[in-house]
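*Asks:* If you scroll down you'll find the structure; I have some questions about it.
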Ligand SMILES: [Zn+2]
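Okay, structure coming up:
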């Protein structure tokens, strides 16, 4: 989350300053030295295999933990239908899925659904293809003392970028209304976690998806570490769009990818991320079940 808040603040500062001084945008603040992990990862990862340890389902149980940051524990179940899907062949009717994506306003590049996913080893074509569908939230810390309605325009910008022309912060962005921006197709190797930054060979193994979420600081918190989320933390439209993207990525992989939380991947860092905060896996399961009813294919 912290990175997300920082980026939004920086974007706002950049926009204001750019308006005043269009020819001379302000420089980005110097990047702090890259921190080292301070504890063991939550889930064991093998760089040799370019995969977390265990079956795909076991990996998902660990990578979508329960509990608050610092007190994570692996889940016992992913719920239905996810429990029976992860790692299994993605039996989907591609024409029906394409129609659902179009109806939802998801625009991938032409022929993207016939294209494979990005490859690890920094995008080398012989690196293993992407295995992990990572869920983030782009937290907006609010200067207002209340949560605005979900259709507030200020809340529904899409496409947060790194300061200084570093590109978009994820492959896809989903705002509170469920509208999707595909910033980079899933065939593009991209990285958005510290875990990937410390080893460039991991780049391309993860597909990154950001959900817009407003935050308010609890007592004693600053805007930077605000942790209070609205209720519900994410909208039905966001779960629907996220499930569609997960189905599309899995169809391209040929099997259901391992879903993962950013917070689990970067657990080893002291100021690790807490996103997607208050994600409701049951609602994601429900959205996925709808898509299977509408675009599932018999095996
Ligand atoms: Zn994140």
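Residue numbers (this note's numbering): 21 to 319. Virtual Cβ for every residue (Gly too), placed ideally from N, Cα, C. Values in this document were obtained by computation on a predicted structure and should not be read as measured data.
Spatial neighbours of residue 43 within its chain, please: C-beta separation below 6 Å, excluding the five flanking residues on both sides.
*Replies:* For residue 43, the predicted model reports a pLDDT of 47, less than 50, meaning its position is unreliable; a value from the coordinates is still stated below. So no residue of the chain qualifies.
*Asks:* Which residues does DSSP list as the beta-bridge partners of residue 157?
*Replies:* DSSP output for residue 157 lists 231 as bridge partner(s).
*Asks:* Do you know offhand how far residue 316's Cα is from residue 56's?
*Replies:* If you take the alpha carbons of residue 316 and residue 56, they lie about 44 Å apart.
*Asks:* My output table needs one value for residue 277: the three-state DSSP class, helix, strand or coil.
*Replies:* Correct three-state label for residue 277: coil.
*Asks:* Taking 7 Å as the cut-off, is the CB of residue 9 close to at least one heavy atom of ligand 1?
*Replies:* Nothing in the structure corresponds to residue 9, since the chain is present only between 21 and 319.
*Asks:* Classify residue 71 as helix, strand or coil using the three-state DSSP reduction.
*Replies:* strand
*Asks:* Within the chosen definition, does the segment 180-196 reach the segment 207-214 through at least 3 CB pairs nearer than 8 Å?
*Replies:* yes
*Asks:* Between which two residues does the alpha helix (DSSP H) harbouring residue 304 extend?
*Replies:* In the DSSP annotation of this structure, the continuous segment of the alpha helix (DSSP H) that includes residue 304 starts and ends at 301-315.
*Asks:* Quick one: is the Cβ of residue 156 within less than 7 Å of any heavy atom of ligand 1?
*Replies:* yes
*Asks:* One question on the structure: do residue 277 and residue 151 come within less than 8 Å of each other, judged by their Cβ atoms?
*Replies:* With contacts defined as CB atoms closer than 8 Å, residue 277 and residue 151 qualify as a contacting pair.
*Asks:* Could you give the distance in angstroms between the alpha-carbon of residue 158 and the alpha-carbon of residue 230?
*Replies:* 6 Å
*Asks:* Quick one: grab the DSSP three-state call for residue 293.
*Replies:* coil
*Asks:* Quick one: is the Cβ of residue 282 within less than 7 Å of any heavy atom of ligand 1?
*Replies:* yes
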